[in-house]
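In terms of the numbering used here, the sequence shown has 144 at position 123, counting the first letter as 1, and numbering is strictly consecutive.
To start, the structure itself, in structure tokens.
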Amino acid sequence: MAGTRRIPKTSGNLGDPSSISLSPSMLPPLVLVEGFCSISSSASWGPFESFLHPITENDITSNVEQGSHKKRRFIFASVGPVSSLHDRACELYYALKGGRVDYGEAHSSEAGHSRYGRLHEEGLYPEWSENNPIHFLGHSMGGPTILYLAWLIQQGHFGKSAHLDMILSVTSVSSPFRGTPLAYILGEKYQSAPAIRTISLGNLLGSTIHFLSYFSPLTRYLPSSLILLDFHSDSRNLGFAHTSVKSLFKNMLKSSWGASRDSAPWDLTFTSSDEREAMNWATLNAKTWYRSYVSCMTEADSPGVSSLHRPVETKFHPFYISSTMLGRFDYYTIHPRPLILNKRAGGAQSRQFSLHGTQVDHAKEELEDERRASQVNSTVSPDGIDTDSHDGSRIMHGEELWANDGAVPVFSQWHPGGCSDDTCIHYSNPPEDPKTRPWSDSKAAQLPRPGIWHVVAIEEPSNHSSIIPFWKGTEKQIRFWKEMGRWLDDVEAATIQVSPNITQNT
């Protein structure tokens with residue numbers, strides 16, 4: 022039947038997703054999308070698949086012998102590690118469907134690179150369609166990349182055959198949906214991004230990228246296993262066949278790519294995030310399930326007195342310095358002023374939550390804050406408190422601006438935009454028993470609701486790479502992947518239950 026989703030034939034009780042049996046060859050695959058300067062490969066992610074759908078005692082006695090134990094296909098989709106969200110989304114689509122990457126005529130003209138990029142002679146999942154939807158899991162910038170892919174589909178960028186219902190679920194881990202101070206700390210100019218400070222780690226990174234891209238044509242002679250980082254710079258003609266030595270050194274002094282609006286550092290700024298929200302880039306699809314995992318490795322510096330945070334981990338932790346800087350970052354140094362500081366514009370949450378996901382009633386405080394803000398212009402003090410220049414009263418911002426995982430503040434990991442009853446449901450760690458999972462208002466099924474963000478706090482302390490992409494075999498990682506498997510089971514069960522027009526494959 023045209024226009025309907027096909028989900029594998031099932032048996033079992035829909036009210037208990039763990040009892041449902043699906044044909045292993047027909048399970049929707051899970052596409053893994055990495056973030057900024059990261060590598061998507063099974064080598065770094067480790068043997069997570071053994072925990073996603075673990076073999077139980079029941080499997081050993083029945084299902085495995087019959088060949089019906091759940092086996093899901095995992096697809097590592099390579100996209101540009103320093104490319105813009107637009108370019109990464111285009112690369113993701115064509116990596117899955119196949120064909121030559123088309124960045125679009127208008128975008129490529131504005132960005133100053135070729136319209137067409139790499140040719141994928143065979144897609145990783147060419148059958149991807151509305152009838153064959155897939156799950157997406159994005160770490161860090163991989164989360165916004167998936168949402169931007171959905172936005173481009175909605176805008177018709179990939180033609181009429183592409184539909185939002187092709188995306189069955191979106192799961193993010195530690196994703197900077199609303200930007201991160203780290204972009205400025207690494208080199209973006211506070212007052213004039215995307216310009217980059219000459220003496221900065223960001224500029225050094227740009228120089229390295231141009232140098233490596235200059236010799237990238239030589240990598241075609243190397244086996245793919247030896248290519249550690251693929252910049253996907255095909256459309257920019259940065260190799261020695263198209264770029265002079267003089268141009269190379271010029272870009273190594275100051276990267277034209279890194280200092281443009283068509284790069285990852287710019288898309289990680291608050292200004293870029295505000296522009297995306299202004300164009301309503303992350304509209305929720307009624308037939309897609311959304312979930313975000315939030316990590317945090319800091320604690321309040323002075324609870325009740327200051328909103329600033331400090332790292333819980335030791336000084337020798339790789340994210341210690343960055344988490345300290347994010348925990349004391351002065352958002353008012355950025356121009357234009359980020360919308361997250363403007364409660365009346367929906368920058369702060371219309372509902373507020375503790376860092377553990379529990380809803381907190383601050384309605385009276387918010388109304389008083391708005392009354393004061395309407396009377397005077399406020400400035401922020403170094404302790405995270407607005408100081409009213411008219412009467413000296415103090416208005417504390419939420420801790421979620423400074424609580425962080427060493428790379429992304431907590432509020433940015435929740436989801437795009439502010440919180441509302443129609444946008445999100447916040448949880449602490451989800452329970453193990455499917456009968457008590459709080460996914461739905463329906464007491465009968467206890468299955469997740471589509472078209473709304475399910476925000477889950479990872480047990481603390483958790484840094485930006487506690488779960489993925491580097492496998493360490495910790496109990497925290499194992500618990501995450503087991504719960505991830507249950508979530509995918511629940512989504513697939515809920516898809517059958519809430520979509521009466523679904524046809525089941527036989």
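All residues carry an ideal CB built from backbone N, CA and C; glycine is no exception.
For residue i, collect the residues of the same chain with a Cβ closer than 7 Å to its Cβ; drop the 5 residues on either side in sequence, then sort them by chain order.
i: PRO357; result: THR292
i: GLY260; result: SER234, TYR235, SER237 and PRO238
i: VAL512; result: LEU189, SER190, TRP310 and PRO469
i: ASN272; result: HIS231
i: TRP149; result: LEU117, LYS118, ILE155 and MET187
i: HIS377; result: In this prediction, HIS377 scores a pLDDT of 47, lower than 50, which makes its location untrustworthy; no coordinate-derived value is stated.
i: THR201; result: LEU289, ALA428, VAL429, PRO430 and SER433
What does the alpha-carbon distance come out to for the pair residue i and residue j?
i: ALA132; j: PRO238; result: 22 Å
i: GLY472; j: LYS267; result: 51 Å
i: LEU226; j: GLN212; result: 21 Å
i: GLU421; j: ARG312; result: 18 Å
i: PRO490; j: TRP66; result: 5 Å
i: ARG349; j: SER256; result: 39 Å
i: PRO215; j: GLY223; result: 11 Å
i: SER441; j: VAL476; result: 12 Å
i: GLY506; j: ILE446; result: 20 Å
i: LEU539; j: SER135; result: The question about residue 539 has no answer here: the residues shown for the chain are numbered 22 through 527.
i: PHE179; j: ALA98; result: 18 Å
i: PRO339; j: LEU289; result: 21 Å
i: ALA478; j: LEU203; result: 21 Å
i: TRP287; j: TYR353; result: 18 Å
i: THR240; j: LEU170; result: 28 Å
i: THR335; j: LYS308; result: 43 Å
i: SER487; j: SER265; result: 42 Å
i: ALA116; j: HIS141; result: 6 Å
i: TRP502; j: LEU73; result: 5 Å
i: GLN175; j: HIS128; result: 16 Å
i: HIS436; j: ALA262; result: 42 Å
i: ASP251; j: ASP123; result: 18 Å
i: ALA303; j: GLY494; result: 34 Å
i: ALA299; j: PRO430; result: 21 Å
i: PHE337; j: GLU481; result: 18 Å
i: GLY514; j: TRP508; result: In the sequence on display, residue 514 carries Ala and not Gly. So the two alpha carbons sit approximately 10 Å from each other.
i: LEU305; j: GLY438; result: 11 Å
i: ASN258; j: SER130; result: 15 Å
i: ARG500; j: PHE270; result: 48 Å
i: VAL54; j: GLU496; result: 23 Å
i: ASN363; j: PHE432; result: 14 Å
i: CYS111; j: ASP351; result: 34 Å
i: SER182; j: GLU504; result: 33 Å
I believe residue i touches residue j by the beta-carbon criterion, under 8 Å. Please report the beta-carbon distance rounded to the nearest angstrom.
i: GLN498; j: SER196; result: The Cβ separation is near 18 Å, so there is no contact.
i: THR138; j: LYS118; result: The sequence shown places Gly at residue 138, rather than the Thr named in the question. Contact flag wrong, Cβ pair sits at about 14 Å.
i: HIS156; j: LEU113; result: The pair is not a contact, with the Cβ atoms about 14 Å apart (cut-off 8 Å).
i: SER294; j: ARG199; result: 5 Å
i: TRP474; j: THR444; result: 6 Å
i: PRO50; j: ILE96; result: 5 Å
i: HIS330; j: VAL100; result: About 31 Å; that fails the 8 Å criterion.
i: GLY9; j: SER328; result: For the chain, the structure presents residues 22 to 527; residue 9 sits outside this window and is missing.
i: GLY325; j: MET162; result: Contact flag wrong, Cβ pair sits at about 34 Å.
Between residue i and the rest of its own chain, which residues show a CB-CB distance below 6 Å, the 5 nearest in sequence each way excluded?
i: LEU274; result: none
i: GLU151; result: HIS184, ASP186 and MET187
i: MET346; result: ILE206
i: GLN484; result: This sequence places Asn at residue 484; Gln is not what is there. Only MET318, PHE340, ASP426 and GLY427 meet the Cβ criterion.
i: SER344; result: MET318, THR319, PRO332, ASN425 and GLY427
i: SER193; result: GLY159, GLY164 and SER313
i: CYS58; result: PRO102
i: ARG94; result: PRO50
i: GLU126; result: ARG136
i: PHE69; result: TRP502
Here's a check: name, in chain order, each residue in its chain whose Cβ is nearer than 8 Å to the Cβ of residue i, leaving out the five neighbours to either side.
i: SER221; result: LEU207 and GLY208
i: LYS210; result: ALA216, ILE217 and ARG218
i: ILE342; result: none
i: GLY120; result: LEU140, HIS141 and GLY144
Next on the checklist: For the structure I just gave you, are there three or more beta carbon pairs, one from the segment 102–109 and one from the segment 164–182, closer than 8 Å?
Outcome noted: Flag = yes, the segment 102–109 and the segment 164–182 touch.
Checklist entry - Taking three-plus beta-carbon pairs below 8 Å as touching, is the segment 269–289 in contact with the segment 219–231? => result Look at the beta carbons and you see the segment 269–289 touching the segment 219–231: at least three pairs across the two are nearer than 8 Å.
Item to check | Stretch-stretch touch, CB-based, cutoff 8 Å, three pairs: the segment 319–331 with the segment 420–427 | outcome: These segments touch.
Item to check | Segments assigned alpha helix (DSSP H), at least 4 residues, entirely inside the segment 212–267 | outcome: Listed in chain order, the complete alpha helix (DSSP H) runs (minimum 4 residues) inside the segment 212–267 are 222–235.
Next on the checklist: Runs of 3 residues minimum, wholly inside the segment 306–353: which ones carry the beta strand (DSSP E) assignment?
Outcome noted: Along the length of the segment 306–353, whole beta strand (DSSP E) runs at least 3 residues long occupy 310–315, 319–321 and 330–332, reported in chain order.
Item to check | Segments of 3+ residues assigned as beta strand (DSSP E) that fall wholly inside the segment 135–205 | outcome: If only complete runs of 3 or more residues are kept, the segment 135–205 shows the beta strand (DSSP E) at 137–141, 155–160 and 188–194, in order along the chain.
Next on the checklist: List, from N- to C-terminal side, the beta strand (DSSP E) runs of 3 residues or more that fit wholly inside the segment 272–310.
Outcome noted: The qualifying runs do not exist here; there are none.
Item to check | Length-filtered (3 minimum) beta strand (DSSP E) runs lying within the segment 110–137 | outcome: Within the segment 110–137, the complete beta strand (DSSP E) runs of at least 3 residues are 120–123.
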